[in-house]
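S.K.:
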Amino acid sequence: MSLRERLRLGFGVFILCIFAYAAFDAWDFSRRARYMPLYVSVAGIVLTSLLITLDLWRMRSTEGRAALRTKVSIEDLAADDLFSPAEDRQRFRTTAYYLGWMAGYAAAIGIVGLPLASALFLAGFLLVEARMRLPGVGLCVAGMLAGMFTLTHFMHLRWPPNLIGW
Amino acid sequence: MFEAAAQALGLILQLDRLGWMVLGCAVGLVVGLLPGLGGTVGMSILLPFIFGMDPYSGVALLIGMAAVIHTGDTFPAVLIGVPGSAGSQATIVDGYPLARQGKAATALSAAFFVSMIGGIFGAVVLFGTLSVARPLVLALGSPELFMLAIFGLSMVGVLSVGSPLAGVVSGLAGLLIGTIGGAPGVPVYRYTFDWLYLFDGIPLPVLALGLFAVPEMLDLLAQRGQIAQGAKLTGSRLEGIREALRHKLLILRSAALGSALGIIPGIGGSVVDWIAYGVTKQTARDRDNFGRGDIRGVIGPESANNAKEGGALVPTLIFGIPGSGTTAMLLGGLVLLGIEPGPSMIKENLDVTLSIVWSLALANVFGAVACIVCAGWVARASVISANRLVPFLFIIITVAAYQSTRNWGDIIMLLVIGSVGWIMKQAAWPRAPLLIGFVLSLVTERYLHLSMSRYGLEWLTFPGVLIILAMIVIALVAGLLPDLRRRLAQARAASEGRS
Numbered sequence: 414m415s416l417r418e419r420l421r422l423g424f425g426v427f428i429l430c431i432f433a434y435a436a437f438d439a440w441d442f443s444r445r446a447r448y449m450p451l452y453v454s455v456a457g458i459v460l461t462s463l464l465i466t467l468d469l470w471r472m473r474s475t476e477g478r479a480a481l482r483t484k485v486s487i488e489d490l491a492a493d494d495l496f497s498p499a500e501d502r503q504r505f506r507t508t509a510y511y512l513g514w515m516a517g518y519a520a521a522i523g524i525v526g527l528p529l530a531s532a533l534f535l536a537g538f539l540l541v542e543a544r545m546r547l548p549g550v551g552l553c554v555a556g557m558l559a560g561m562f563t564l565t566h567f568m569h570l571r572w573p574p575n576l577i578g579w
Numbered sequence: 090m091f092e093a094a095a096q097a098l099g100l101i102l103q104l105d106r107l108g109w110m111v112l113g114c115a116v117g118l119v120v121g122l123l124p125g126l127g128g129t130v131g132m133s134i135l136l137p138f139i140f141g142m143d144p145y146s147g148v149a150l151l152i153g154m155a156a157v158i159h160t161g162d163t164f165p166a167v168l169i170g171v172p173g174s175a176g177s178q179a180t181i182v183d184g185y186p187l188a189r190q191g192k193a194a195t196a197l198s199a200a201f202f203v204s205m206i207g208g209i210f211g212a213v214v215l216f217g218t219l220s221v222a223r224p225l226v227l228a229l230g231s232p233e234l235f236m237l238a239i240f241g242l243s244m245v246g247v248l249s250v251g252s253p254l255a256g257v258v259s260g261l262a263g264l265l266i267g268t269i270g271g272a273p274g275v276p277v278y279r280y281t282f283d284w285l286y287l288f289d290g291i292p293l294p295v296l297a298l299g300l301f302a303v304p305e306m307l308d309l310l311a312q313r314g315q316i317a318q319g320a321k322l323t324g325s326r327l328e329g330i331r332e333a334l335r336h337k338l339l340i341l342r343s344a345a346l347g348s349a350l351g352i353i354p355g356i357g358g359s360v361v362d363w364i365a366y367g368v369t370k371q372t373a374r375d376r377d378n379f380g381r382g383d384i385r386g387v388i389g390p391e392s393a394n395n396a397k398e399g400g401a402l403v404p405t406l407i408f409g410i411p412g413s414g415t416t417a418m419l420l421g422g423l424v425l426l427g428i429e430p431g432p433s434m435i436k437e438n439l440d441v442t443l444s445i446v447w448s449l450a451l452a453n454v455f456g457a458v459a460c461i462v463c464a465g466w467v468a469r470a471s472v473i474s475a476n477r478l479v480p481f482l483f484i485i486i487t488v489a490a491y492q493s494t495r496n497w498g499d500i501i502m503l504l505v506i507g508s509v510g511w512i513m514k515q516a517a518w519p520r521a522p523l524l525i526g527f528v529l530s531l532v533t534e535r536y537l538h539l540s541m542s543r544y545g546l547e548w549l550t551f552p553g554v555l556i557i558l559a560m561i562v563i564a565l566v567a568g569l570l571p572d573l574r575r576r577l578a579q580a581r582a583a584s585e586g587r588s
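Line by line, the protein sequences are chains A and B.
First residue of the first sequence: 414, per this note's numbering; consecutive thereafter.
First residue of the second sequence: 90, per this note's numbering; consecutive thereafter.
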């Protein structure tokens with residue numbers, strides 16, 4: 414079973430657990446608040462179980478596997494991007510790395526505030542990942558900060574609070 | 090009426106009022122361009138400035154902004170696969186793949202051109218229905234509104250034809266996520282885990298940005314590429330307009346659909362574009378290219394979402410019933426200008442109402458021309474390498490997401506939903522149905538609750554309900570049957586090949 418197939422099944426099981434928890438929790442709500450989440454969850458449990466069973470059945474044959482990989486989602490370009498298992502693993506690792514950059518940026522906002530965190534994130538990313546030269550990076554950071562302050566002023570945007578209070 | 094319309098045109102064509110309208114258009118385009126910011130943000134920016142203005146100038150400013158939001162929001166939808174506002178969610182389904190093929194300019198100019206036609210159509214509908222819309226709107230009760238929400242939900246199956254079951258499960262997950270927070274009509278908070286942020290539910294911009302923007306950015310970075318995969322821009326602005334002109338009937342049909350749905354208060358702009366997309370796909374003879382860069386998938390929703398604005402103004406002006414946050418703030422703006430929305434809008438204040446109609450039509454023309462002129466240059470953003478473009482985009486969407494409730498939860502949820510969206514994309518779980526389910530969850534529950542408590546099960550026999558039910562069945566059969574036939578034929582051919 415490929416990484417993507419495991420991911421698809423794993424996500425199905427995850428959704429199934431969510432529906433099961435939602436149905437269980439819905440019993441504690443008052444009657445009027447209960448019916449929508451309860452009915453949706455029960456329908457979700459039944460259909461997700463069916464979907465997982467069908468997926469497992471399809472994955473037994475080569476044609477079924479191909480169908481799963483190419484026709485499942487009409488709006489995803491991922492359907493066109495077929496990778497080998499090794500490429501898939503590498504791609505997932507790279508994605509986790511970039512997700513780390515994003516989480517790091519969010520954490521930095523919480524510590525040093527939006528403008529400084531944005532400047533650090535942009536400068537770091539452009540230097541390390543895009544390998545831009547320092548003058549170009551400085552120009553990008555200055556432009557971004559100018560845009561951020563201008564939009565904040567005219568659109569009354571708010572910035573998240575942070576630990577050092579900037 | 091026509092004489093009054095000519096007088097209103099004269100009023101709105103005065104240079105200072107045109108200037109206010111252009112300023113409103115500029116604000117609307119910028120707000121539309123920034124993902125996550127919608128009409129309510131635009132209105133909140135402009136409202137403080139209308140104090141002391143004459144009603145025609147104030148109306149030109151506000152309507153100029155509201156009219157072009159759904160024109161400007163096409164840029165991020167096509168270029169980075171991120172809905173600029175709730176009304177451009179369906180545009181990404183085919184617009185983004187076109188950008189990936191290097192045809193961003195074609196997709197954008199086609200979208201802007203049909204947005205202009207749709208917007209003008211909406212203005213004509215507003216003008217034509219001012220005196221006759223009252224009985225139509227009053228005829229729709231909670232059962233009919235519930236059925237219209239179900240009509241929107243039925244698009245879930247159409248949008249995931251490759252695996253309708255996964256689409257339905259995804260849609261159910263969206264419905265469930267939509268129940269987070271306060272229940273309608275009763276003081277119960279559901280699935281909040283005592284986290285104050287969840288008491289009002291997950292905001293739509295955060296969910297949309299997380300589901301669509303973050304996964305695209307992560308994939309672009311992981312591929313180390315650019316949005317246009319071929320790194321070459323082949324489409325042109327003229328080609329986009331030519332493509333749009335080839336589908337005149339589709340433009341008019343989608344605009345009519347958008348205006349009609351816009352008149353119904355409470356259904357909201359987020360649903361109109363999905364319904365328009367679904368109908369466009371269902372009524373097309375060859376559907377194989379939908380979802381992979383079919384220009385019709387851009388033309389349908391874009392024509393409808395601008396036309397919807399004209400329709401949405403009908404209940405807002407005639408009854409003072411706002412159908413969305415934007416029209417609610419517009420109502421506030423009218424009151425600030427000394428105008429009382431309601432029946433007086435077609436009697437004492439007819440000149441103001443007609444100036445609204447003209448502002449709507451002219452703003453759509455200004456907005457579309459400005460966007461078409463810029464489309465070629467902005468489309469070049471799609472050949473910038475991902476590791477130079479994405480950090481800017483991520484800063485923008487983080488700031489935009491935070492504006493939803495101005496709570497740290499927005500940023501946390503953006504990352505969490507972004508990760509889930511990326512997994513869904515890799516695991517080939519359709520994401521669009523989840524968004525539709527979420528958008529329609531509150532409306533569905535509210536109107537079902539009202540229908541059941543007022544009519545019991547009797548509402549199921551109402552003529553309006555039965556008509557909409559028939560429309561749903563026809564739409565589903567028309568949408569799913571040809572694909573079912575094709576799949577059966579493929580399976581038969583495969584089994585014959587084996588034997």
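A virtual CB, placed ideally from N, CA and C, is assigned to each residue, including glycine.
#1: Alpha carbon to alpha carbon, what distance is there between Cys430 (chain A) and Arg421 (chain A)?
#2: Going by beta carbon distance, what residues of the same chain come within less than 8 Å of Leu547 (chain A), once the five residues before and after it are set aside?
#3: Along the alpha helix (DSSP H) that carries Ser343 (chain B), what are the first and last residues, could you check?
#4: By the 7 Å beta-carbon criterion, what residues does the stretch 163-197 of chain B contribute toward chain A?
#5: For the alpha helix (DSSP H) holding Arg106 (chain B), just list the boundary residues, first then last.
#6: Contact criterion: CB-CB distance below 7 Å. Does Tyr511 (chain A) meet it with respect to chain B?
#7: Roughly how many angstroms separate the alpha carbons of Gly526 (chain B) and Val257 (chain B), rounded to a whole number?
#8: With distances taken from CA atoms, which of B:Gly422, B:Val295, B:Val424 is nearest Met502 (chain B)?
#9: Might you give, ordered along the chain, the residues of its own chain that have their beta carbon closer than 6 Å to the beta carbon of Asp375 (chain B), omitting 5 neighbours on each side?
#10: Buried or exposed, going by whether 16 or more other CB atoms sit within 10 Å of the CB of Pro390 (chain B)?
#11: Could you say which of B:Gln371, B:Ala450, B:Ser343 lies nearest to Asp362 (chain B) if we only look at CA atoms?
#12: Rounded to a whole number of angstroms, what is the C-alpha to C-alpha distance between Trp572 (chain A) and Gly578 (chain A)?
#13: On a CA-only basis, which of B:Ile506, B:Ala564, B:Ile206, B:Arg543 is nearest Glu305 (chain B)? Give me that one, please.
#14: Fully enclosed by the stretch 166-211 of chain B, which alpha helix (DSSP H) runs are 4 residues long or longer?
#15: Per DSSP, Tyr278 (chain B) forms a beta bridge with which residues?
#16: Just grab the DSSP bridge partners of Ser508 (chain B) for me.
#17: Ser443 (chain A) bridges to which residues according to DSSP?
#18: For chain A, check one thing: does any of its Cβ atoms lie closer than 7 Å to the Cβ of Gln371 (chain B)?
#19: Could you tell me the distance, in whole angstroms, from the CA atom of Pro498 (chain A) to the CA atom of Ala311 (chain B)?
#20: Under the three-state reduction of DSSP, which class applies to Leu564 (chain A): helix, strand or coil?
#21: Give me the Cβ distance between Arg445 (chain A) and His538 (chain B), rounded to the nearest whole Å; I'm assuming they're in contact under 8 Å.
#22: What does the Cβ neighbour count give for Ala238 (chain B), buried or exposed, with the cut at 16 atoms within 10 Å?
#23: Can you pull the chain A neighbours of Leu310 (chain B), defined as C-beta to C-beta under 7 Å?
#24: Any beta-carbon of chain A closer than 7 Å to the one on Trp497 (chain B)?
#25: Anything in chain C within Cβ reach of Val453 (chain A), meaning under 8 Å, just list it in chain order.
#26: Taking its Cβ as the centre, do 16 or more other Cβ atoms sit within 10 Å of Trp511 (chain B), making it buried, or is it exposed?
#27: In the structure shown, what three-state DSSP assignment does Ser474 (chain B) receive?
#28: Which chain A residues sit within Cβ distance under 9 Å of Ala272 (chain B)?
#29: Just reading off the alpha helix (DSSP H) that Gly147 (chain B) is part of, what are its end residues?
#30: By how many angstroms is the C-alpha of Ala93 (chain B) removed from the C-alpha of Ile487 (chain A)?
#31: Whose C-alpha, out of B:Pro552, B:Ala559, B:Leu565, is nearest the C-alpha of Ala228 (chain B)?
#32: Is it the case that the Cβ atoms of Gly422 (chain B) and Leu151 (chain B) are separated by a distance below 7 Å?
#33: Report the residue from B:Leu285, B:Leu451, B:Val387, B:Leu478 whose alpha carbon sits nearest the alpha carbon of Gly329 (chain B).
#34: Is Phe437 (chain A) close to chain B? Criterion is C-beta to C-beta, closer than 7 Å.
#35: Between the alpha carbons of Thr195 (chain B) and Ile291 (chain B), how many angstroms are there, rounded?
M.R.: By the coordinates alone:
#1: As a position in the first sequence, residue 421 (chain A) is number 8, starting the count at 1. As a position in the first sequence, residue 430 (chain A) is number 17, starting the count at 1. So the two alpha carbons sit approximately 14 Å from each other.
#2: Counted from its first residue, the first sequence places residue 547 (chain A) at position 134. Cβ within range, chain order: Leu540.
#3: To locate residue 343 (chain B), count along the second sequence from 1; it is residue 254. Segment 337-352, the alpha helix (DSSP H) holding Ser343 (chain B).
#4: Val182, Pro186, Arg189
#5: Translated into the one-based positions of the second sequence, residue 106 (chain B) becomes position 17. Run containing Arg106 (chain B): 104-122, per the alpha helix (DSSP H) assignment.
#6: Locating residue 511 (chain A) in the first sequence gives position 98, where the first residue counts as 1. Yes, because at least one Cβ of chain B sits closer than 7 Å to the Cβ of Tyr511 (chain A).
#7: On the second sequence, residue 526 (chain B) is found 437 positions in, with the first residue counted as 1. On the second sequence, residue 257 (chain B) is found 168 positions in, with the first residue counted as 1. So the alpha carbons of these two residues sit roughly 9 Å apart.
#8: Your numbering for residue 502 (chain B) matches position 413 in the second sequence. Met502 (chain B) has its Cα closest to that of B:Val295, out of B:Gly422, B:Val295, B:Val424.
#9: The residue labelled residue 375 (chain B) in the question sits at position 286 within the second sequence. None.
#10: To locate residue 390 (chain B), count along the second sequence from 1; it is residue 301. Pro390 (chain B) should be labelled buried.
#11: Start at 1 with the first residue of the second sequence, and residue 362 (chain B) comes out as number 273. With distances taken between Cα atoms, Asp362 (chain B) lies closest to B:Ser343.
#12: Looking up residue 572 (chain A) in the first sequence gives position 159. Looking up residue 578 (chain A) in the first sequence gives position 165. Roughly 11 Å separates the two Cα atoms.
#13: If you number the second sequence from 1, residue 305 (chain B) lands on position 216. Ranking B:Ile506, B:Ala564, B:Ile206, B:Arg543 by Cα distance to Glu305 (chain B) puts B:Ile506 first.
#14: 180-189
#15: In the second sequence, the residue the question calls residue 278 (chain B) occupies position 189. Looking at the DSSP assignment, Tyr278 (chain B) forms a beta bridge with B:Gly271.
#16: Translated into positions along the second sequence, residue 508 (chain B) becomes position 419. None; Ser508 (chain B) has no bridge partner.
#17: The count along the first sequence starts at 1 and reaches residue 443 (chain A) at position 30. Per DSSP, none; premise fails for Ser443 (chain A).
#18: For this step, residue 371 (chain B) is matched to residue 282 along the second sequence. With 7 Å as the cut-off, Gln371 (chain B) does not count as an interface residue toward chain A.
#19: Taking the first sequence and counting its residues from 1, the one referred to as residue 498 (chain A) is at position 85. Taking the second sequence and counting its residues from 1, the one referred to as residue 311 (chain B) is at position 222. So the alpha carbons of these two residues sit roughly 15 Å apart.
#20: Here residue 564 (chain A) refers to the residue found at position 151 of the first sequence. Helix at Leu564 (chain A).
#21: Taking the first sequence and counting its residues from 1, the one referred to as residue 445 (chain A) is at position 32. Taking the second sequence and counting its residues from 1, the one referred to as residue 538 (chain B) is at position 449. Confirmed, about 7 Å.
#22: On the second sequence, residue 238 (chain B) is found 149 positions in, with the first residue counted as 1. When all chains shown are included, Ala238 (chain B) counts as buried.
#23: Here residue 310 (chain B) corresponds to residue number 221 of the second sequence, with the count starting at 1. Ordered by position in chain A, the residues that pass the 7 Å Cβ test against Leu310 (chain B) are Tyr511.
#24: Here residue 497 (chain B) corresponds to residue number 408 of the second sequence, with the count starting at 1. Judged by the 7 Å Cβ criterion, Trp497 (chain B) is in contact with chain A.
#25: This model lacks chain C altogether; the protein chains it does include are A and B.
#26: If you number the second sequence from 1, residue 511 (chain B) lands on position 422. By the 10 Å Cβ count, Trp511 (chain B) comes out buried.
#27: Position 385 of the second sequence, counted from the start, is the residue given in the question as residue 474 (chain B). It is a strand residue.
#28: Here residue 272 (chain B) corresponds to residue number 183 of the second sequence, with the count starting at 1. The contacting residues are Phe442, Ser443, Arg445, Ala446, Arg447, Met449, Pro450.
#29: Here residue 147 (chain B) is taken as the residue at index 58 of the second sequence, counted from 1. From DSSP, the alpha helix (DSSP H) with Gly147 (chain B) extends over 144-161.
#30: Working through the first sequence from its first residue, we reach residue 487 (chain A) at position 74. Working through the second sequence from its first residue, we reach residue 93 (chain B) at position 4. No answer about Ile487 (chain A) holds up, because its pLDDT of 34 lies below 50 and its placement is not dependable.
#31: Numbered from 1 along the second sequence, position 139 holds the residue referred to as residue 228 (chain B). Nearest of B:Pro552, B:Ala559, B:Leu565 to Ala228 (chain B), Cα basis: B:Pro552.
#32: Reading the second sequence from its first residue, position 333 is the one you call residue 422 (chain B). Reading the second sequence from its first residue, position 62 is the one you call residue 151 (chain B). Yes, these two residues count as a Cβ contact at 7 Å.
#33: Sequence index remark: in the second sequence, residue 329 (chain B) carries index 240 (1-based). Residue B:Val387 is the option with its Cα nearest to Gly329 (chain B).
#34: Indexing the first sequence from 1 puts residue 437 (chain A) at position 24. No, its Cβ sits nowhere closer than 7 Å to a Cβ of chain B.
#35: Numbered from its first residue, the second sequence carries residue 195 (chain B) at position 106. Numbered from its first residue, the second sequence carries residue 291 (chain B) at position 202. Taking the straight line joining both Cα atoms gives about 35 Å.
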